[in-house]
Each structure stands twice: as structure tokens, then as C-alpha cells.
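**Student:** Here it is, the structure in full.
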Amino acid sequence: MADAFEPKMTAFVCNWCTYAGADLTGTSRIKYQSNVRVIRLPCTGRIDFMMVMKAFSRGSDGVIISGCHPNDCHYTSGNYHARRRWMVFRDLMDFMGIDLRRVTFSWVSAAEGAKWAELVNEATNTVRALGPYKEIQQLTAVGID
Amino acid sequence: MSERYTLTEAAVGTLIDTIAKSGRRVLGPKLVANRIEITDLKTFAELAQDGQAVVSAKGVVFPKVERLFKYRFEGGKTIALDDVEPNAQPTVLFGVRPCEARAFHALDVVFNWDSKDKFFNARMANTTVVGMACTKADESCFCTSIGSRPDDTQDSDILLSPRKAGGFVAEVLTEKGKVLVALAKDAFQPLAGNAELIPPATVAPAFDAKDLQQKLAAKFDSPLWAEQSLRCIGCGACAFVCPTCVCFDMQDEADTKQGQRLRSWDSCGMRIFTLHASGHNPRDKQSQRWRQRVYHKFSYYPERLGTLGCVGCGKCSRACPVDMNLKQHLAEAASKG
Amino acid sequence: MEDLNNKAKQLLESGAVKVVIGYGKGTGDTRRPIFVRAAEHTGDLVFDAACTQNLATYLTKAEVRAMGKMAIVAIPSTLRSILQLAAEKQLREENVLALTVLDGSLRELATFAAIEETVATIPDAISNADQQMIDKLTAMSVSERRAFWAAELNRCVKCYACRSSCPMCYCERCTMDSNRPQWIPVASHAVGNLEYHMVRAMHLAGRCVQCGTCGAACPVGIPVHLLTIFAEGTVRQHFGQKGGASAKLDYAMTTFKPDDKETFIR
């Protein structure tokens, strides 16, 4: 039987909220799909917008970005800056033809273990239905003679 | 050793067709969204007979990005190197200007100077150049200032010259040219009687390159270069559209498992071109970089390599976002003292 | 134009400025940037509808600044660039004087406040052609847009004419030239081109004055100005902040409001 497509998901999460929340998911023994690779950063404010594009061109089919709820940032305002950045970058990505359905943004707190699992499952299911992100992955071979 | 034939326009179309059917790639100047590009040519009608491509044809033998080799990290200190064969697809450049044809020689002397560049040579060996003489020129052209002419045959394998009554005279100049003729013998009719060519374009010389070379010897410290380069913004437009510019950058792109070494176009006009790891930059001012461009092409090249580093096509001037107009600058450099 | 030449002459003769950055006759019907330092050369200055390039990029060029106080012949986008440069502390009021022609008359704008006042009276205008292009693109599907930009960026040779001609790209250490780490590939392959233009658009979001000079500078005709104009437009739309409006920094990308409204965060 041929292997069905399993999407590669990359998640950029903040250490203090979402990463802790994901830990809680585990300790609560809540199961969720294992397609995701979690990259821990101190704060969503540290996330460079290009990390999303790098993830795609390196083989990810979907990207999740998640951090503390507004007003709860461990560094007070990192997530506010991140929010602004994403509002602009999302529009730019869309304008340049990047499929926004493959990018999921969320606030997940350290107490929201269940939400993390739901988020990952939904995002993974969405991307599985969309298929591999060949358009961007294949770009790495284009333009080199 | 040249032989002359005539071709009707229809015959040229047949020739293009036949070349394509033989498995060779046919590239030529084509109008794409009101810019001329060197790109896939399918019919004679598509060929832009007047004007010049914005970016030169040098990408055929010296692409803007080229893979030189690949490597894999195999654990410990073991690195496996994987050779890459140059993508030397047999190609015919059809209908390029004589200046563009001449440029291949200037590339050749650099790529075969102290070492034989495998990639350039493989591509060049598989490239045939069918030039087309110019019956029109614009104010940026200056082929006659560098010792050439709008109907120069040098470095073309075949040169097509348009005839008054339509069609072309084809001058077959090299063995490579003969190979093309043999492919489509019926397209090439022997030339009987007068060629009756449309006269080549008039390009009044703005300066003399030999004279300029001599004058440059005494001008290194002249304030002229600072004056001329005030408006230069230090981009790479002139270098990248230029058919003879050959400077390149080497880039390794790798992750923890594997990588590749790429060669890509570089420009001496950019500020960090000569930036040393120490932080010192011998050409930190735009005037030094501008001077370098002129000297490289008009003094160092002829001195060391026996050929000019410029073919007078004028692409640099047309591409420059701030109208540096090299013909004017060079004429000025040649005229003062 | 006579007014302009006379004014320039007066400024140079009195020593009030050391250089007048303006437009001169270029090749054919074009205009080129000129740098008049001697009063007897002020006749070289021209100002007409063909003067479309934003000359503000020279206000941060070391060789020009070194000459002393600069006067600059300013089209509306140049005035906006001056304000944005001032806001980002790249220009001091005492080092620049703007000369602009509005409603047929020459105005000498010696302070940032005067420039702000003037800019406030000039309507923002993206050209019809550009607006149509942006509308056309936003009406396309995502994959159509992808195909459009892939085809356009395929021609990019990474000459950086766009970056070099932009008044706001004055960073001496541009992120594109960094190699520790090398964030954006240098080579002009598909990924290198896409990433470069994305980053540049983001770095201009909220700072771009929509002059279109980057797109005009591109030797291969890629409409890169649409990207920066779009990014600036997005900032305007979401946060009400726009590039080149004031000499006081009001930069949306380094500030925030706790109640910024978005529609996509779960």
C-alpha cells in the first residue's frame, strides 16, 4: 500500500506560554498528531517573518506560530510587536502568492493543553487536505543553471 | 574562408525550425512586454530585428547562477564531493548583434587565462552564434569607438545582413557556421550578383579606444572620476547587463547534511565588492569603483589580455537607473588632456 | 524654471548651500541627477514633467553630504522622503533645503515643519497604472499571483538597482550583504529573488513614500515598487500610519496598541 501523504508541520512557539502549554498537553496524556516539529523561542516577538518562508522552502508543508495571549507576554509586549508584524507579513505573503491556509497563528497559554492539541490537529488536517507544498519546495531548484 | 549565401525570410524561418528539430536550443532577441529579451525563439516573425536585448546573451555561457559542485557531510570529518556536469545544452544564438557576438571573445580570454574554466568552455563549445548586422543604432551605441562596426563579422559563426529587397545575405565564417548550413542546405542559396544590402547603421565614433587607453595611463589620480561618479548609486545594473563583465561571487549554500557551491554574477560597482574581512576597503568611495570599471575594461584588459573589455553595445548606459551614459563619460575621459 | 535657476544661483553665491541636487538634461529626452556647486552652472538645472526620479537617495550619499549643506529640487515624493529620513535621524534640518515647484510657483522650504505643511496639502497619488496593477493582482487567485511573481522575479539578476535607488535603503550594512548569518541567499535563483524582495518590502512597510523609483530603476522591468507600495499600504490600512508624513517618527512596526485588531489569530 502506498504511503499516504503526511504533512511536515513546523511550529514556532514561545517558551513561556505555548511551549509550556504543549508540555501540559503531554502530561495530560492528550494525544495529537505527531507531524509537528516544535521550535522553541523565547517569545513570539523574536520570530522573524522570514522564518515562515524558510520553513516552507526547507520542506515544511504547513507552519504554526503560537505565543502568549495579549497582555500575558512574559516580556510584556513581545507578542504585541509580533501581532503587528504578522498583520503586515500575512498580507504581503498573500500578495506574493503564498498560500495562507498553510499558516496558522494562535495564542495558546501555558494552561491550554487541550487547545494546543486541537490547534495542531486542525492545522495538520487542513494541510493534509491541501497536499505537499510543492510550489515553494521546488523553488529551491529553480534558477540555478 | 567565409562563404556567402542568400536566405529569404521564409528560409530563415525554415532554418530556425530545422535547428530546433535537430535538438538544439534556439535563443534570440524577442520582444516580451515591450522589452527585448534573449529567449526561446520559435519563428522568424518573433525575432526582434532592431534594437538590443536589455540583458546580454552571456548567460548562455556564464549564467547568472551556476552550480559548480555539491557536497554531503557523511559523518565525522568525511565530506563527499559530487561533481556537476555543466549544462552545456547545444545552443544557437540567433540574431544577436555583432557587438554581442564579439563579447564572447572577451569572456573567453578571462575564462581561459590562467586556468581553463570547465563550465564556460563546455558551454561555449556547444554554442553557435548567428549574428545580425545592425541597420539602426541608438544614442547609446558606440561600437565604432572601440574598433568595431555595426556589420562586424568578428566572433560570429554566421553573420546575417538584411537586403534591400528583403531576406538576408549570410556570411558563413567558421566550422560551426558550416555545420548549421549543412543542417538546412536548401535554406541557403548561393549569392548571385550584387548583395544589395541595407546600409549598416551610422554610428559616429565618440572616442578612440586606443587613444583612451594611452590617456588613461596618466589619469589615475584625476578628479574626473569623482565628478563623473557623483550620480552613480553603486548598483550592479551595468555589470550584469554587460556582455563582457565577468566578475563573479562564490556562495556555499548548505545545511547540516549537504550543500552546493554556486557561482553568481558580481559587480565591482557595489561597495562591498572589495571589502576585506579586516574591515578595510581599498575601494570604499564610488569614484574609486567607477575608475576601476573604466580602467579594467579600457586599460588593464588590453594591457594584460590583448583585447578590450568592452564591445560598445551601450547596454550599460541603457540599463543605468541614473543615466551614467558611459559613451559620454568615456569620450570625456579621452578628450581632456 | 527660471525661478529655480535664479534661486539656485542665489543660494550658491551667498554660500547658503554648497550643492544643489537637481535634474539636468539626460540622454535623449530623459533627465539625470546633477550636482551643481558653482553658480555659473545653475543654468543646467531643469524641472519639468520628465523629472520623476526621487533624488532623495543622494541626501544620504557620503560624497554628496561631504560637500556641505544641500539644497534639493524636490518632487512631492522627495519631500516625503526628507521627512521620513528626518524622522529616522538620517537628516538634520540645518543640512538640507528643499526647493519645490507647486502650482507653477517655486517654494523654498527651509524647515521640516514647512515641508510637513506642504506635504499635507499634496494628495497622495499612486499612478493610475500602478493602482490598476495592484487591483488586478489583488483580484487574482493566490496561485495566479504566485505565477505572476514567479515569472517577474525570474528576470531578477540581484543588481540591487532597486535598493540603491531607494532613499530609504540607506543602511550601510544591509541585511542582504550579511553573511554571519547569511539570512537571504545572495545568488539570483528563485529562492534568493523571492526572499530578497519579500524582505525588502517588509523593511519598507510604513517607510516607503510610494515614489516608484525602485520599479523605474529595475533594468529588467520588474514592478518591484508594487511590493513596497503594497506593504506601505497595508500598514496604512491596519494602523493608520504612513511613510513620509512627518519629521517625527511614527513607525507602526516598532510600536503597538494593546487593542490592535486582527482577524486571523485563533
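Protein chains in written order, with this note's numbering: chain A, 121 to 265; chain B, 1498 to 1834; chain C, 20 to 285.
By construction, the Cβ of each residue, glycine as well, lies at the ideal position given by its N, Cα and C atoms.
Quick one, are the C-beta atoms of residue 269 (chain A) and residue 228 (chain A) less than 7 Å apart?
**Tutor:** With chain A represented from 121 up to 265, any question about residue 269 (chain A) goes unanswered, as that position is not in the structure.
**Student:** Short of 7 Å in beta carbon distance, which residues of its chain neighbour residue 121 (chain A), apart from the five on each side in sequence? Order them along the chain.
**Tutor:** Any reading at residue 121 (chain A) is ruled out, since the residue's pLDDT is 47, under 50, leaving its predicted position unreliable.
**Student:** Which residue's Cα is closest to the Cα of residue 49 (chain C): C:114, C:68, C:55 and C:58?
**Tutor:** Taking only the C-alpha atoms, the option nearest residue 49 (chain C) is C:68.
**Student:** Between the beta-carbon of residue 135 (chain A) and the beta-carbon of residue 160 (chain A), is there less than 7 Å?
**Tutor:** Yes, the Cβ-Cβ distance between residue 135 (chain A) and residue 160 (chain A) is below 7 Å.
**Student:** Beta carbon of residue 53 (chain C), beta carbon of residue 101 (chain C): below 7 Å?
**Tutor:** Result no, Cβ atoms of residue 53 (chain C) and residue 101 (chain C) do not sit closer than 7 Å.
**Student:** Is the beta carbon of residue 189 (chain C) less than 7 Å from the beta carbon of residue 225 (chain C)?
**Tutor:** It is not a contact, given that the beta carbons lie outside the stated cut-off.
**Student:** Which of the three DSSP states is assigned to residue 1586 (chain B) in this structure?
**Tutor:** Coil, per DSSP.
**Student:** Mind checking the stretch 233-263 of chain A against chain C and listing, in chain order, the residues whose C-beta falls within less than 7 Å of any C-beta there?
**Tutor:** Those residues of the stretch 233-263 of chain A that come within reach of chain C (Cβ to Cβ, closer than 7 Å) are 239, 255, 259, 260, 262 and 263.
**Student:** Whose Cβ in chain B lies nearer than 7 Å to the Cβ of residue 265 (chain A)?
**Tutor:** The answer, in chain order, is 1560, 1562, 1563 and 1584.
**Student:** If distances are taken between C-alpha atoms only, which option among B:1634, B:1537, B:1821 and B:1798 comes closest to residue 1600 (chain B)?
**Tutor:** When each option's Cα is compared against that of residue 1600 (chain B), the closest is B:1798.
**Student:** What residues in its chain sit with their C-beta under 7 Å from that of residue 1615 (chain B), if we drop five residues either side in the sequence?
**Tutor:** Only 1583 meet the Cβ criterion.
**Student:** Where DSSP assigns a beta bridge to residue 1629 (chain B), which residues make up the other side?
**Tutor:** Partner(s): B:1657.
**Student:** On the three-state DSSP scale, how would you describe residue 1545 (chain B)?
**Tutor:** Coil, per DSSP.
**Student:** Would you kindly report the start and end of the unbroken alpha helix (DSSP H) that includes residue 1518 (chain B)?
**Tutor:** From DSSP, the alpha helix (DSSP H) with residue 1518 (chain B) extends over 1506-1518.
**Student:** Residue 262 (chain C) to residue 201 (chain A), Cα distance in whole Å?
**Tutor:** If you take the alpha carbons of residue 262 (chain C) and residue 201 (chain A), they lie about 19 Å apart.
**Student:** For residue 1552 (chain B) and residue 1540 (chain B), I'd like the C-alpha separation in whole angstroms.
**Tutor:** Distance between the alpha carbons of residue 1552 (chain B) and residue 1540 (chain B) is about 21 Å.
**Student:** Residue 212 (chain A) CB to nearest chain C CB: under 7 Å?
**Tutor:** Yes, its Cβ sits closer than 7 Å to a Cβ of chain C.
**Student:** May I ask which residues mark the beginning and end of the alpha helix (DSSP H) holding residue 1814 (chain B)?
**Tutor:** From DSSP, the alpha helix (DSSP H) with residue 1814 (chain B) extends over 1812-1816.
**Student:** Would you kindly check if the distance between the Cβ of residue 1743 (chain B) and the Cβ of residue 1604 (chain B) is under 7 Å?
**Tutor:** Result yes, Cβ atoms of residue 1604 (chain B) and residue 1743 (chain B) sit closer than 7 Å.
**Student:** May I ask you to list, following chain order, the residues of the stretch 192-223 of chain C that have a beta carbon less than 9 Å from some beta carbon of chain A?
**Tutor:** Flagged, chain order: 202, 203, 206, 207, 208, 209, 210, 211, 212, 213, 214, 216, 217, 218, 220 and 221.
**Student:** Kindly indicate the opening and closing residues of the beta strand (DSSP E) around residue 118 (chain C).
**Tutor:** Where residue 118 (chain C) is concerned, the enclosing beta strand (DSSP E) stretches over 115-121.
**Student:** Would you mind working out which of C:40, C:28 and C:280 sits nearest residue 254 (chain C), comparing C-alpha positions?
**Tutor:** Among C:40, C:28 and C:280, the Cα nearest to that of residue 254 (chain C) belongs to C:280.
**Student:** Please check if any C-beta of chain C sits within less than 7 Å of the C-beta of residue 121 (chain A).
**Tutor:** Because the pLDDT at residue 121 (chain A) is just 47, under 50, the model does not fix this residue reliably, and the point stays unresolved.
**Student:** Would you call the stretch 1687-1699 of chain B and the stretch 1783-1798 of chain B in contact, with 3 or more CB pairs under 8 Å?
**Tutor:** Not touching, per the Cβ criterion.
**Student:** Please list the terminal residues of the continuous beta strand (DSSP E) segment that includes residue 44 (chain C).
**Tutor:** Per DSSP, residue 44 (chain C) belongs to the beta strand (DSSP E) from 38-44.
**Student:** Among residues of its own chain, excluding the 5 on either side of residue 1523 (chain B), which ones have a beta-carbon nearer than 6 Å to its beta-carbon?
**Tutor:** 1513, 1516, 1517, 1538, 1589 and 1591, listed in sequence order.
**Student:** For the stretch 167-186 of chain C against the stretch 222-238 of chain C, are there 3 or more C-beta pairs whose distance is under 8 Å?
**Tutor:** Yes, they touch.
**Student:** What did DSSP end up calling residue 192 (chain C) once you bin it into helix, strand or coil?
**Tutor:** Reduced to three states, the DSSP call for residue 192 (chain C) is coil.
**Student:** In whole angstroms, give me the CA-to-CA distance for residue 1791 (chain B) and residue 1719 (chain B).
**Tutor:** About 13 Å.
**Student:** Where residue 196 (chain C) and residue 177 (chain A) are concerned, what is the direct C-alpha to C-alpha distance, given to the nearest angstrom?
**Tutor:** Near 21 Å, if we compare the C-alpha coordinates of residue 177 (chain A) and residue 196 (chain C).
**Student:** Provide the residue span of the beta strand (DSSP E) that contains residue 185 (chain C), from first to last.
**Tutor:** Residue 185 (chain C) -> no beta strand (DSSP E), and no H or E assigned at all.
**Student:** Which residues in the same chain as residue 1739 (chain B) place their Cβ atom closer than 7 Å to its Cβ, once the five residues preceding and following it in sequence are excluded?
**Tutor:** Answer for residue 1739 (chain B): 1553, 1812 and 1813, listed in chain order.
**Student:** Can you list, in chain order, the residues of its chain whose CB lies under 8 Å from that of residue 1753 (chain B), leaving out five sequence neighbours each side?
**Tutor:** Around residue 1753 (chain B): 1570.
**Student:** Across which residues does DSSP place residue 1759 (chain B) in a beta bridge pair?
**Tutor:** Answer is B:1564 and B:1748.
**Student:** Could you give the first and the last residue of the continuous beta strand (DSSP E) run that contains residue 233 (chain C)?
**Tutor:** Careful: residue 233 (chain C) lies outside any beta strand (DSSP E), inside the alpha helix (DSSP H) at 232-236.
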